[in-house]
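Novice: Okay, so the sequence shown: first residue is 6 according to my numbering, each after it adds one.
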Amino acid sequence: MVVRKSHFLSISLLATASAIAIVEYVLVSHETVVDFPDEDVEPSDEVTDDVGVPAENTKPAGEEYTGPIAKPYPQTQVIVPNDTSDDDMPGERKIVVQSGDSIATILEGIKVHRTEVHMISKALSKIFNLKSLKTGQEISIRGHADANSIGMFCVDMMEIRNAYDLKIVVERVGPGYKARKETIPVKKVIRSVTGVITPHDPNTSLKRSGVKPQIARDVMKSLAQVVNIRSAKSAVNFEFLYQDFYMEDGSVARSPELVYASVLINGKIIRLYKFAHGNRSEYVDQNGNLVRTLASTSSMLLPPLAHMKVTSPFGMRRNPKNGHIKLHTGVDLSAVVGTPVR
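Following this line, the structure appears as structure tokens:
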């Protein structure tokens, strides 16, 4: 066989074609084809090829990818529904007043227009001291979404629980608001409890006799003004009358309140009666003397004066000398000149 130059040329061309094919195969095998989904198809977190197999250019966990960079998926915007939208806005909201809250901050916090906030505050101020709002008070607000302003809330009615048996109601009337006071029906139940007080440990003996903690505290503070139970020579017999308060649904409206207390100590009966005047209540003894509750705990300490008047109690007050508001760390008493100090 004779090898000619044409044979060498054919072999060279064949080798070149094979090399090109190999290079194309290598390039194709490393090429990433990514299909971008339509707008109505939710994008997947994993890049796949045409047959659904994860593409080779995906980044392995913990390794840095150095291959071709595929075009990222378009960003997906997550829209969180607004709490005050027309569909999700509740018709009624119950709010418990926190420290530092005011009528204005509460209403603005639930997206009420400032114009409505002003009108509600103005209506309230006619029958309610806006500065008297207390921590823990309950406020119920009913309303609807503002059709003209997305995310804003319109108040139809607002109720402020001002006392266990009284609430302030603000209601929309035409273009404005009107406020009124409403009495809350409360059922009062008189209960009686009797037992024996141990002089050296009155609190424990009252608890064992079934006296409610609030009643025990009231009794101890009131009796401390007229008698020292710890000085009793023997056990002290007692009888207490108190009121429980219930709402129409049977729930407790407020803490119980002492109405009458009687103790037999060292052969002498001492009685206390509740005396209500206005929004305040005090206790008087069987002689009609007013009993001031000074003790903040059931220490059973006697007051320094037998008959006295509290002219300035413990707490925040305006200093009578300079007019500054400051904590008064004592209790000012007045009595007739010559009254002995214990």
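Note that beta-carbon positions come from the ideal geometry of N, C-alpha and C, so glycine has one too.
A quick note: this is a predicted structure, and the numbers were derived from the prediction, not measured.
Helix or strand or just coil, what does DSSP make of I115?
Specialist: coil
Novice: Quick check: the Cα distance between D337 and P204, rounded to an integer number of angstroms?
Specialist: D337 and P204: Cα-Cα distance of roughly 30 Å.
Novice: Please identify the residue among A258, M157, E244, R196 whose C-alpha is closest to the C-alpha of K172.
Specialist: A258
Novice: In its own chain, which residues sit with a C-beta less than 7 Å from the C-beta of F158, not counting the 5 before and 5 after it?
Specialist: T89, M94, I115, K116, V117, G148, A150, D151
Novice: Could you give the distance in angstroms between the alpha-carbon of D45 and the alpha-carbon of S126?
Specialist: Per-residue confidence for D45 stands at a pLDDT of 49, beneath the threshold of 50, marking its modelled position as unreliable; the derived number appears in the next sentence. If you take the alpha carbons of D45 and S126, they lie about 49 Å apart.
Novice: If we count Cβ pairs, one from each stretch, closer than 8 Å, do we get three or more for the region 263-273 versus the region 227-240?
Specialist: yes
Novice: Who are the Cβ neighbours of G96 in its own chain at under 8 Å, not counting the five residues just before and after it?
Specialist: Same-chain partners within the cutoff: R147, G148, H149.
Novice: Helix or strand or just coil, what does DSSP make of Q219?
Specialist: helix
Novice: Give the DSSP bridge partners of Y251, in chain order.
Specialist: K192, V257
Novice: Below 8 Å, can you find three or more Cβ-Cβ pairs linking the region 133-145 to the region 98-105?
Specialist: yes
Novice: Just checking my contact of S260 with Q219 at CB under 8 Å: how many whole Å lie between their CB atoms?
Specialist: 5 Å
Novice: In this structure, how does DSSP classify T209 when only helix, strand and coil are distinguished?
Specialist: helix
Novice: Considering G320, what are the terminal residues of the beta strand (DSSP E) in which it resides?
Specialist: Taken as a continuous stretch (DSSP letters only), the beta strand (DSSP E) holding G320 covers 320-323.
Novice: Going along the chain, which residues of its own chain have a beta-carbon closer than 6 Å to the beta-carbon of M124, five neighbours each way excluded?
Specialist: G181, Y182
Novice: Buried or exposed: where does Q230 fall if 16 or more other Cβ atoms within 10 Å of its Cβ makes it buried?
Specialist: Taking all protein chains shown into account, Q230 has 16 or more neighbouring C-beta atoms within 10 Å of its C-beta and is therefore buried.
Novice: Can you give me the start and stop residues for the beta strand (DSSP E) that G148 sits inside?
Specialist: 143-150
Novice: What's the gap between the Cα of K192 and the Cα of L263?
Specialist: 16 Å
Novice: Can you give me the C-alpha to C-alpha distance between L246 and R119, rounded to a whole angstrom?
Specialist: 50 Å
Novice: In whole angstroms, what is the alpha-carbon distance linking K186 and I132?
Specialist: 8 Å
Novice: Let's test the definition: count the other Cβ atoms within 10 Å of the Cβ of S210 and tell me whether it reaches 16, buried, or not, exposed.
Specialist: Flag for S210 reads buried.
Novice: Report yes if the CB atom of Y288 is closer than 7 Å to the CB atom of S227, and no otherwise.
Specialist: yes
Novice: Return the first residue and the last residue of the beta strand (DSSP E) that V3 is part of.
Specialist: Limits of the chain in this structure are 6 at one end and 347 at the other, which puts residue 3 out of reach.
Novice: At the level of alpha carbons, what is the spacing between G200 and L277?
Specialist: 17 Å
Novice: Considering only their Cβ atoms, is the gap separating A128 from A168 smaller than 7 Å?
Specialist: no
Novice: Under the three-state reduction of DSSP, which class applies to L277: helix, strand or coil?
Specialist: For L277, the three-state secondary structure derived from DSSP is strand.
Novice: Using only CA atoms, which one of K217, T334, P190, A221 lies nearest to P207?
Specialist: A221
Novice: Out of curiosity, what's the CA-to-CA distance linking E176 and G156?
Specialist: If you take the alpha carbons of E176 and G156, they lie about 21 Å apart.
Novice: Grab me the residues of S197's own chain with a C-beta within less than 6 Å of its C-beta, minus the 5 sequence neighbours each way, in chain order.
Specialist: L246
Novice: Return the first residue and the last residue of the beta strand (DSSP E) that A168 is part of.
Specialist: 158-168
Novice: Report the rounded CA-to-CA distance for T110 versus R166, giving the unit in angstroms.
Specialist: 18 Å
Novice: Kindly indicate which residue of V342, V341, S317 has the alpha-carbon position closest to the one of L332.
Specialist: Its Cα nearest to that of L332, the residue S317 stands out among V342, V341, S317.
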